Amino acid sequence: MTLPRQRGLTEQAADAAIDTACRMLRLPSIRNEFFDIADRAMKDQVTYRGLLAELLMTECDDRSRRRSERRIKAAGFPREKSLRAFAFDANPNIYAATIHTLASCEWIKKSQPLCLIGDSGTGKSHMLIALGTEAAMKGYRVRYTLATKLVNELVEAADEKQLNKTIARYGRVDLLCIDELGYMELDRRGAELLFQVLTEREEKNSVAIASNESFGWTKTFTDPRLCAAIVDRLTFNGTIIETGTDSYRLARTRARAEGPAKAS
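If you're matching positions, the sequence shown starts at 122 in the working numbering and goes up one per residue.
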């Protein structure tokens, strides 16, 4: 399809041509925002170059936003968590400066691991999801999973002779977030399959884990040598953050419950 090009188009014809061209070139943001941007440009006496720049920047910004949204969705986070929503003042064990440094994603660029260790309610899963979200927003491919879910998927893949393909899929993402590692005991086969995933990613792509055990994972990985090898892969050149033992989530729940009682 060729658009008619002629001088002296009426405004109505020009509007129709712009709409058609944006559809053909797949520029939905310019198509949706053009009239508002053009009206502002006329009012502010913006040059043609300035108008074109603003239109193109609008399209680029919107495409970047949509890509981020797709990456966040593909990561499979169970809920939305952000660094902005985390109450750093409620957990003195987690330093805001450290977390914001991690949010720059330099450790992912260097393929380094991250371990968040602490009891339930201390914010480790929140941090895992929030940092994973930051990585996705910065263009990294991220995948979130529970440790038991990952192991079950690997076992099923092995039974269906799809193990290599599944391990390769988990090996390709830039950041693999494994939550609740150490909560459940794994049999030797499951532990060995998880070890294969970690080995596939070693020093090539980052792994971030959240666990309620401080590397004493002998209940989870019953083979001491395998346990030691897994700990080694999850800590070498990595960052370890201990979120503590006091549940700030429980403390906040108690504070809300005590509020009305004190008022009465």
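Heads up, the beta-carbon is just placed ideally off N, CA and C, and yes, glycines get one too.
Values in this document were obtained by computation on a predicted structure and should not be read as measured data.
How far does the beta strand (DSSP E) with I361 in it extend, from its first residue to its last?
By 1-based counting over the sequence shown, the position of residue 361 is 240. T360 to G365 is the span of the beta strand (DSSP E), which, as asked, contains I361.
Please name the residue or residues paired with T219 in a DSSP beta bridge.
Sequence index remark: in the sequence shown, residue 219 carries index 98 (1-based). Looking at the DSSP output, T219 shares a beta bridge with no other residue.
Say whether the region 330-342 touches the region 179-193, bearing in mind that this needs 3 or more beta-carbon pairs closer than 8 Å, one atom from each stretch.
no
Pairing CB atoms from the region 272-279 with CB atoms from the region 216-235, are three or more of them under 8 Å?
Because the criterion of three Cβ pairs below 8 Å is not met, the region 272-279 and the region 216-235 do not touch.
Could you pull the start and end residues of the alpha helix (DSSP H) that Y169 belongs to?
Residue numbering aside, residue 169 sits at position 48 when the sequence shown is read from its first letter. For Y169, the enclosing alpha helix (DSSP H) has its first and last residue at Y169 to A196.
So who's on the other strand from I330, going by DSSP bridges?
Position 209 of the sequence shown, counted from the start, is the residue given in the question as residue 330. DSSP output for I330 lists C236 and I299 as bridge partner(s).
Flag this pair as yes or no: are the beta carbons of A196 and V272 separated by less than 8 Å?
Taking the sequence shown and counting its residues from 1, one reaches residue 196 at position 75. Taking the sequence shown and counting its residues from 1, one reaches residue 272 at position 151. Cβ atoms of A196 and V272: not closer than 8 Å.
Could you tell me if C181 is buried or exposed, where buried requires 16 or more neighbouring beta carbons within 10 angstroms of its beta carbon?
Taking the first residue of the sequence shown as 1, we reach residue 181 at position 60. Exposed, since its Cβ has fewer than 16 Cβ neighbours within 10 Å.
Kindly identify the DSSP beta-bridge partner or partners of T266.
Counting from one through the sequence shown, the residue named residue 266 turns up at place 145. I299, per the DSSP bridge assignment.
Taking contact to mean at least 3 C-beta pairs separated by less than 8 Å, is the region 296-312 in contact with the region 253-270?
yes
Does the beta-carbon distance from R309 to D353 come in below 8 Å?
As a position in the sequence shown, residue 309 is number 188, starting the count at 1. As a position in the sequence shown, residue 353 is number 232, starting the count at 1. Not a contact, by the Cβ cut-off of 8 Å.
Inter-stretch contact at 8 Å, needing at least 3 Cβ pairs: the region 158-173 / the region 142-149
Judged by Cβ distances under 8 Å, the region 158-173 makes no contact with the region 142-149, as fewer than three pairs qualify.
Label A312 either buried or exposed according to how many other C-beta atoms from any shown protein chain fall within 10 Å of its C-beta, with 16 as the threshold for buried.
Sequence index remark: in the sequence shown, residue 312 carries index 191 (1-based). Per the 10 Å Cβ criterion, buried.
Can you round the beta-carbon distance between T243 and G365 to whole angstroms, since I take them to be within the 8 Å contact cut?
By 1-based counting over the sequence shown, the position of residue 243 is 122. By 1-based counting over the sequence shown, the position of residue 365 is 244. That belief holds up - the Cβ atoms of T243 and G365 are roughly 5 Å apart, short of 8 Å.
Could you say which of A329, G260 and E321 lies nearest to L267 if we only look at CA atoms?
By 1-based counting over the sequence shown, the position of residue 267 is 146. Ranking the options by Cα distance to L267, first place goes to A329.
Distance between N285 and G239 (C-alpha atoms, nearest Å):
For this step, residue 239 is matched to residue 118 along the sequence shown. For this step, residue 285 is matched to residue 164 along the sequence shown. Straight-line spacing of the CA atoms in G239 and N285 works out to 33 Å.
Contacts around E154, its chain only, beta-carbon distance under 8 Å, and the 5 residues preceding and following it disregarded
Stepping through the sequence shown from its first residue, residue 154 is reached at position 33. So the list reads L176 and T179, once near-sequence residues are dropped.
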